[in-house]
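Below is one structure, written out as structure tokens; comments come after it.
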């Protein structure tokens, strides 16, 4: 049975088509008996048959006890982890394997009470390892709010969203789900939707307009249609002036950051897979870069591929054919490291940041320049890709003026083209009228006076 391999335990495996042993860490039981999610010295995480003597997996499997570096009688070299594995590193890999398992099979069948053996010798349950906390600061632990049952709403009452978040707007109707939602009071509740917690209130239909206006003033939103900035779709980030005091602006959500997420070791960390559902791309009229926004699309693509920016860099190096000593490789790595830290440690809302957009476009430019020509990159069109508004030669020309001139020149060129075609058509028509009809037979004259004329009289 599967319990013979404890999570966090180390093994060495031997493949029949190889000549060395390979170290492996067990991260999670797989979907079938004898299959486990494992971690390799190459930093790969995948599911493998660990029973030994299998057609698709290692032929030999040996357990390595804690504190033992080399097993006796292996008789061959061992491909090891370069650095000593710490508790935190192992826990991070266990969570990564759990995300992969969840994406492939769901979470049904996982025993959260099974033990996770750490390199230090300590042990935790799988449930403790997978638990995550969303915090903006550390404080005393509060008692959890009770889940349902929700009291029946009156005939002219309904639950309403008391805030704008995600795809939910302030004042939207919302139906309670007692299995996940929390009742906070007679008319207050917390609703879990689309991975977000929303505050809701039970509102009488007769006073809905007054309630909505009051809530808008409380959260600092103007009336719909009167936004002067921020996200026009949701109304977020739009301050309302209070009493004409420029300094008395209502508190608003900062679109540049996400709520801080700590892991079980109380350290700031958020994986890209955890960050993408929280991301929000907000359009600003004064956004400093031209062209389409790229960050949101690219992070979603990385999430679907199961990679972060650092892993994407390593994958690009292997597949692009660019030499490891090329200066572009060092620049690409630096950009990917900065984007990785912005997402994982700083926990910023990357799609709404011009700085992140600028870095991501530079990363994309490097990859496009080397595509198909790793030894001779071409940076043609760099200004258009980077979206810079200033010309590299120092000229100051309004793009609208350039577009206007181009349209006028195109219109003039089209007129000249049509005039030329009309003149050529007239010339061809004149030539056709001047040419004789080749099919017309010449006139041979009448038959009168001929030799065979029977009516000819004789003197």
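Residue numbers (full-length UniProt numbering): 1 to 459. The beta carbon of each residue, even a glycine, is placed where N, CA and C say it ideally should be.
Just so you know, the alpha carbons of residue 201 and residue 168 end up roughly 14 Å apart. Membership of residue 296 in the alpha helix (DSSP H) is indicated by the continuous run 295 to 305.
Sequence-distant partners of residue 360 (beyond 5 residues in either direction) whose C-beta falls short of 7 Å from its own C-beta, in its chain, are 294, 295, 298 and 339. Closest by C-alpha distance to residue 374, out of 287, 325, 74 and 88, is 325.
Distance from the CA of residue 190 to the CA of residue 203, rounded to the nearest whole angstrom, comes to 15 Å.
Residue nearest to residue 311 within the set 290, 322, 333 and 321 is 333 (criterion: CA-CA distance). From the listed residues 40, 158 and 351, the smallest Cα separation to residue 82 is found for 40.
Counting C-beta pairs with one atom in each stretch, the stretch 119 to 128 and the stretch 84 to 101 have three or more that are closer than 8 Å, which means they touch. Assigned with DSSP and collapsed to three states, residue 204 falls in strand.
With a 10 Å radius around the Cβ and a threshold of 16 neighbouring Cβ atoms, residue 124 comes out buried. With fewer than 16 other beta carbons inside 10 angstroms of its own, residue 409 counts as exposed. In this structure, the straight-line span from the alpha carbon of residue 365 to that of residue 380 is close to 10 Å. Taking residue 64 as reference, the option from 264, 6 and 112 with the minimal CA-CA separation is 6. Inclusion of residue 258 and residue 353 in the CB contact set at 8 Å is not warranted, their separation being larger than that value. Taking all protein chains in view, the Cβ of residue 171 is crowded by 16 or more other Cβ atoms within 10 Å, so the residue is classified as buried. Contact check for residue 45 and residue 76: beta-carbon distance about 25 Å, past the 8 Å limit, so the pair fails to qualify. If you draw a straight line from the Cα of residue 286 to the Cα of residue 207, it is about 39 Å long. When rounded, the separation of the alpha-carbon atoms in residue 99 and residue 308 is 14 Å. If you check the CB distance, residue 173 and residue 196 do not come in under 8 Å.
Distance from the CA atom of residue 188 to the CA atom of residue 217, rounded to whole angstroms, is 19 Å. Cα atoms of residue 36 and residue 28: separation of roughly 6 Å, rounded to the nearest angstrom.
Residue 316 and residue 56 have their C-alpha atoms roughly 28 Å apart. Take the alpha-carbon of residue 271 and the one of residue 343: they are about 7 Å apart.
The beta carbon of residue 329 is closer than 7 Å to those of 317 and 322 in its chain, skipping five residues each way along the sequence. Nearest C-alpha to residue 370 among 327, 383 and 50: 327. Of the other Cβ atoms in all chains shown, fewer than 16 fall within 10 Å of the Cβ of residue 423; this residue is therefore exposed.
When only Cα atoms are considered, residue 115 and residue 180 end up about 27 Å apart. According to the DSSP secondary-structure assignment, residue 183 is paired through a beta bridge with 189. Take the alpha-carbon of residue 103 and the one of residue 70: they are about 35 Å apart. In the structure shown, residue 47 adopts extended strand secondary structure according to DSSP, grouped into three states. Across the structure, residue 263 and residue 130 are spaced so that their CA atoms are roughly 9 Å apart. For the pair residue 292 and residue 377, the Cα-to-Cα distance works out to about 24 Å.
Take residue 199, set aside five residues on each side of it, and the residues of its chain with a beta-carbon closer than 7 Å to its own are 162, 163 and 190, in chain order. With 16 or more neighbouring CB atoms inside 10 Å of its own CB, residue 8 falls in the buried class.
According to the DSSP assignment, residue 123 belongs to the beta strand (DSSP E) that extends over 123 to 125.
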